[in-house]
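**Q** For the sequence shown, position 110 matches number 92 in our numbering, and the numbering has no gaps at all. Yeah, the Cβ is synthetic: ideal placement off N, Cα and C, and Gly gets one too. Since we're looking at a predicted model, the values are computed, not measured.
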Amino acid sequence: MIVALNNKSNLTKTEFEKYIEDLNKIKTEHTMILAPNFLNVANFKSEKIYLAAQNVSSYEKGAHTGEVSADQLKSFNVKYCIVGHSERRKSQKESNEEIKSKIINLFANDITPILCVGETKEERETGKAQEIIEEELKIALDELSQEQRDKVIIAYEPIWSIGTGLIPTNAQIEEINKFIKERYNNKVLYGGSANEKNIDELKKCPSIDGYLLGGLSLKPTNLQEFVNKL
Ligand code: PGA
């Protein structure tokens, strides 16, 4: 299983130094990927955890103030990068087209994208969840080569579940993951309020290939409990 950790805009430099020490003590056979804040990418040290970024520029290097380009990420040994997180789609108004450009830049630098897709509460209630997810995937992936497309890790993250403590039923997760896997040959992670308590239930979903964890990523002790139960 893949266990990907998204620190979001948390952990100062000193907090991260202590955090990465604790994280390195976690014992697990599963593949751990950590996406720290950009500034903490530089202070990442691990023999066993893969380094990810939380975002990348949709532009190549050059005159783009405040952006971080894919080749800069590569120079810091970043192996994975989250793209299309719903927080960015909402606050930074990221479009599916922009996300596609990010994915292309990542592949040009041998970085594996972790593409987040998912529906809002309203989209679920009006029966539009699959339609939204289909569009997010289509625009981001369909023009890639088959080889590249297959490498993308998809993270199904229902927006109403992120940071809220609300978890979809296993049947709801299975339905969406099946929909994705009928169209794409990819690994699919689940993300949204997953923790050491609800993992016993979540792990009954055969379609889940791993997890993308936000809140839990900040609590190494609880994280150890989570991976023990996987
Ligand atoms: P959460 O966040 O685990 O805190 O719900 C998941 C995410 O945003 O990737």
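Measure the beta-carbon distance from L55 to N91 and round it to whole angstroms, keeping in mind my assumption that it falls under 8 Å.
**A** With a Cβ gap of about 7 Å, L55 and N91 count as contacting.
**Q** Check for me: the beta strand (DSSP E) holding N(-11) runs from which residue to which?
**A** Neither: N(-11) is in no beta strand (DSSP E) and is coded neither H nor E.
**Q** For A(-14), which of E76, E(-3), L5 and T(-6) has the nearest alpha-carbon?
**A** Nearest of E76, E(-3), L5 and T(-6) to A(-14), Cα basis: L5.
**Q** Quick check: is any heavy atom of the ligand PGA less than 8 Å from the C-beta of S68?
**A** True, at least one ligand heavy atom lies under 8 Å from that Cβ.
**Q** Distance, Cα to Cα, N(-11) vs K120?
**A** Approximately 28 Å between the Cα atoms of the pair.
**Q** Is V134 helix, strand or coil by DSSP?
**A** Correct three-state label for V134: coil.
**Q** According to DSSP, which residues form a beta bridge with M14?
**A** DSSP output for M14 lists V(-15) as bridge partner(s).
**Q** Report the residue from N(-8), N204, S73 and V38 whose alpha carbon sits nearest the alpha carbon of D65.
**A** Sequence inspection shows Val at residue 65; the Asp mentioned does not correspond to that position. When only C-alpha atoms are compared, the closest one is V38.
**Q** What's the gap between the Cα of Y62 and the Cα of K103?
**A** Y62 and K103: Cα-Cα distance of roughly 28 Å.
**Q** Report back the beta-carbon spacing between I115 and I162 to the nearest angstrom; my notes put them in contact at under 8 Å.
**A** Confirmed, Cβ separation roughly 7 Å.
**Q** Thinking Y172 and I190 are a contact (beta carbons under 8 Å), I'd like their distance in whole angstroms, please.
**A** 5 Å between Cβ atoms; contact.
**Q** Which one of E3, H46, E29 and R70 has the shortest CA to CA distance from Q36?
**A** Comparing Cα positions, the closest option is R70.
**Q** Assign L198 to one of two classes, buried (16 or more other C-beta atoms within 10 Å of its C-beta) or exposed (fewer than that).
**A** Answer is buried; the Cβ neighbour count reaches 16.
**Q** Ignore the nearest five residues each way along the sequence and tell me which others in E11's own chain have a CB closer than 7 Å to its CB.
**A** No residues qualify anywhere along the chain.
**Q** I'd like the list of long-range same chain contacts for L126, defined as Cβ closer than 8 Å, with 5 residues on each side in sequence excluded.
**A** So the qualifying residues of the chain are I85, I86, F89 and V134.
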